[in-house]
Amino acid sequence: MSNPFDNPDGTFHVLANAENQHSLWPTFAPVPAGWRTVLESANREAADRYVQEHWTDLRPLSLQNKD
32 MSNPFDNPDG TFHVLANAEN QHSLWPTFAP VPAGWRTVLE SANREAADRY VQEHWTDLRP
92 LSLQNKD
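Okay, so the sequence shown: first residue is 32 according to our numbering, each after it adds one.
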């Protein structure tokens, strides 16, 4: 069985947490506590592109605010 998080043909949400860290999440799985959906039901390519465009500073938000 393949990992649904790596499925190139899957449909994903993009999630973000309070630290503005992003994650691709298969649409069939419930969104875990502490995460919110920032992009709904996208193919893998569109979800990856969203993350690349919106999560440009990989430091947690709490560290970014110390600059």
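The beta carbon of each residue, even a glycine, is placed where N, CA and C say it ideally should be.
Own chain partners of residue i with C-beta closer than 8 Å, once the 5 adjacent residues on each side are dropped
i: VAL62; result: HIS44, LEU46, TRP56, THR68
i: TRP66; result: LEU46, ALA47, ASN48, SER54, TRP56
Endpoints, beta strand (DSSP E) assigned at residue i
i: ARG67; result: 66 to 74
i: LYS46; result: It is Leu, not Lys, that sits at residue 46 in the sequence shown. Its beta strand (DSSP E) spans residues 42 to 48.
Top-ranked residue by Cα proximity to residue i, from the options
i: PHE59; options: GLU50, GLY41, ARG75; result: GLY41
i: ASP37; options: GLU71, GLU76, ASN51, ASP88; result: GLU76
i: PRO91; options: ASP79, GLU50, ALA73; result: GLU50
Under the three-state DSSP convention, the category residue i falls into
i: SER54; result: strand
i: ALA60; result: coil
i: ASP88; result: coil
Beta-carbon proximity list for residue i, same chain, < 6 Å, skipping 5 on both sides
i: TYR81; result: VAL45, LEU70
i: TRP86; result: HIS53
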